[in-house]
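Residues in the sequence shown are numbered from 7 upward in steps of one, following this note's numbering. Virtual Cβ for every residue (Gly too), placed ideally from N, Cα, C. All values reported here derive from a predicted model rather than from experimental measurement.
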Amino acid sequence: MTKKPWFTANIHAPGTGLALALLALTQVPIATEAILRVYCIIEMHSYKDYDVPRATRFCNGG
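See the structure below:
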């Protein structure tokens with residue numbers, strides 16, 4: 007039985023790393039905006055003069 011090395015480098019690793027970095031850079035702003043909108047809706051709904059549809063319109067800029 008031949009002895010295999012415990013680590014073999016993958017030639018596709020740099021491309022995979024670049025793809026993951028690109029996904030992270032494009033998804034972080036979207037996730038941040040979504041979190042802030044949900045927080046805004048929760049805060050506006052806690053004032054009791056805004057129901058959820060009105061708070062949603064307010065937080066979406068409408």
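When you compare only the Cα positions, how much space is there between Ala15 and Leu24? 16 Å
Could you tell me the alpha carbon to alpha carbon distance between Tyr56 and Ala27, rounded to whole angstroms? Those two C-alpha atoms are separated by around 40 Å.
Where do the N-terminal and C-terminal ends of the alpha helix (DSSP H) with Gly21 fall, by residue? 19 to 52
Coil, strand or helix - Ala61 by DSSP: helix
To the nearest angstrom, how far is the alpha carbon of Val44 from that of Ala30? 21 Å
Please classify Ile47 as buried or exposed, where buried requires at least 16 neighbouring CB atoms within 10 angstroms. buried
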